[in-house]
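Have a look at the structure below before the remarks.
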Amino acid sequence: MKTVRSTAFSIVALMLLSILASFSGVIAKDDANVSELAEEPVEMEATSPGHPVFAEYMGAHWCPPCKTISANLHNLYGTNGGGGTQSEDFTYISFWESSSTGWPSDSPINRRSHIQNAPGYTGGIPVTVLGDAPSGTYYHVGGGAMDSKYTSGGNMKNTNDYSLTVLQSQNGNNMDIDITATYSGAGTKTVYFYAAVTEETSPETYDGGSPNPHHVWKKWLLNGANNGFESATLSSGSSVTKSWSVPVSTVRAGGGHTAVDNFLTVAALLDGDHTAHR
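The sequence shown runs 1 to 278 under the numbering used here.
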């Protein structure tokens with residue numbers, strides 16, 4: 001039987017290109033490298049900035065401040081993400097170190113390295129980056145809540161000129177995925193499809209038994225050469241659809257849901273390839 005999960009979970013994000021100098025950074029599994037910023041309570045709701053916001057989070061099972069920010073991101077998605085009670089314009093992806101399998105191997109995009117090589121990286125985790133910011137307000141190292149950063153715009157630019165939809169359709173043992181980008185602005189624009197398969201709820205937990213991390217990265221959706229994201233040149237009023245078919249077994253059951261129901265595609269649009277900060 002073919003089942004469809006429509007795009008209550010889709011997001012559009014266009015981030016302006018800004019090439020900045022960067023330096024290499026390393027992260028160690030060491031309490032000295034965990035940010036000691038005070039943990040803040042999870043806020044119960046946030047005001048939408050009026051456009052989509054996309055965040056990337058890097059944390060680990062052994063990191064106490066990671067629990068706080070992970071719970072906050074999940075809460076923010078619940079109120080302002082897919083099916084949110086306040087709005088539906090926030091999503092995020094988690095790069096999470098598991099106690100059983102360690103850090104995920106996210107090549108060829110190497111997004112963890114991208115985050116660590118940003119000018120704003122000072123060492124340690126958690127790190128939460130909104131709109132691919134290289135440093136500053138939207139490059140956040142430490143625990144705490146993301147609500148105010150989301151409400152203030154999340155480093156997103158020109159989002160009202162674009163729309164993005166994601167359609168997931170189970171097809172036997174595979175999940176067929178269609179991502180469609182539409183442009184309504186002037187001239188033409190070349191965009192890159194940042195797209196990944198995630199576990200909506202990981203069956204694993206942070207140390208101590210809770211909480212479960214969410215939107216945990218499992219697989220990139222890549223171009224035909226498997227060396228980067230798909231790209232397309234859009235003109236006003238035009239739409240371009242990119243498609244993939246991925247084994248359902250890429251994700252695990254979690255949060256009381258089967259693997260099919262726990263299979264979550266996260267997508268955003270970039271105005272350049274994955275190597276540049278914005």
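A virtual CB, placed ideally from N, CA and C, is assigned to each residue, including glycine. None of the values given here were measured: they were computed from a predicted structure.
Item: Classify Gly-81 as buried or exposed, calling it buried when 16 or more other Cβ atoms lie within 10 Å of its own Cβ.; Value: buried
Item: Does DSSP put Gly-272 in a helix, a strand or coil?; Value: coil
Item: Can you give me the C-alpha to C-alpha distance between Gly-123 and Gln-116, rounded to a whole angstrom?; Value: 8 Å
Item: Alpha carbon to alpha carbon, how far is Glu-204 from Trp-217?; Value: 13 Å
Item: Taking 6 Å as the limit between beta carbons, can you name the residues of its chain near Asn-110, skipping five residues before and five after?; Value: none
Item: If you run the structure through DSSP and keep just helix, strand and coil, what is His-51?; Value: coil
Item: Round the Cβ separation of Val-97 and His-61 to the nearest angstrom and send it over; I've been treating them as touching at under 8 Å.; Value: Residue identity differs from the one stated: residue 97 is Glu in this sequence, not Val. Going by Cβ atoms, the distance from Glu-97 to His-61 rounds to 6 Å, so yes, they are a contact pair.
Item: His-114 by DSSP, collapsed to three states: which one?; Value: helix
Item: Hey, how far is the Cα of His-214 from the Cα of Gly-185?; Value: 34 Å
Item: Give, in chain order, every unbroken run of the beta strand (DSSP E) that is at least 3 residues long and sits entirely within the region 236 to 274.; Value: 239 to 247, 263 to 270
Item: Within this structure, are the beta carbons of Asn-173 and Pro-247 separated by less than 8 Å?; Value: yes
Item: With 16 as the cutoff for other CB atoms within 10 Å, does Gly-237 come out buried or exposed?; Value: exposed
Item: Over the uninterrupted alpha helix (DSSP H) stretch that includes His-61, give me the two end residues.; Value: Unbroken run through His-61: none, as it is neither H nor E.
Item: In terms of alpha-carbon separation, which member of Gly-144, Ala-145, Val-129 lies closest to Tyr-138?; Value: Val-129
Item: Would Thr-47 be called buried (16 or more neighbouring beta carbons within 10 Å of its own) or exposed?; Value: exposed
Item: What separation, rounded to the nearest whole angstrom, lies between the Cα atoms of Ser-100 and Leu-234?; Value: 43 Å
Item: Quick check on the DSSP output: the alpha helix (DSSP H) that includes Tyr-285 runs from which residue to which?; Value: Residue 285 lies beyond the range of the chain shown here (1 to 278); nothing can be said about it.
Item: What separation, rounded to the nearest whole angstrom, lies between the Cα atoms of Ser-24 and Gly-142?; Value: Because Ser-24 sits at a pLDDT of 22, beneath the cut-off of 50, its placement in the model cannot be relied upon, and the point is left open.
Item: Have a look at Thr-201 and Ser-148 and give me their C-alpha separation to the nearest angstrom.; Value: 24 Å
Item: With Ile-177 as the anchor, note down where its beta strand (DSSP E) starts and where it stops.; Value: 174 to 183
Item: Who are the Cβ neighbours of Ser-22 in its own chain at under 8 Å, not counting the five residues just before and after it?; Value: For Ser-22, the predicted structure reports a pLDDT of 21, less than 50, and the residue's modelled location is therefore unreliable. The matter cannot be settled from this model.
Item: Are there 16 or more other CB atoms within 10 angstroms of the CB of Pro-108, so buried, or fewer, so exposed?; Value: exposed
Item: Taking DSSP as the reference, what is the three-state secondary structure of Ala-196?; Value: strand
Item: Do Tyr-57 and Pro-104 come within 8 Å of each other at the CB atom, strictly closer than that value?; Value: no
Item: Between Leu-269 and Ala-181, is the Cβ-Cβ spacing less than 8 Å?; Value: yes
Item: What separation, rounded to the nearest whole angstrom, lies between the Cα atoms of Tyr-150 and Val-53?; Value: 7 Å
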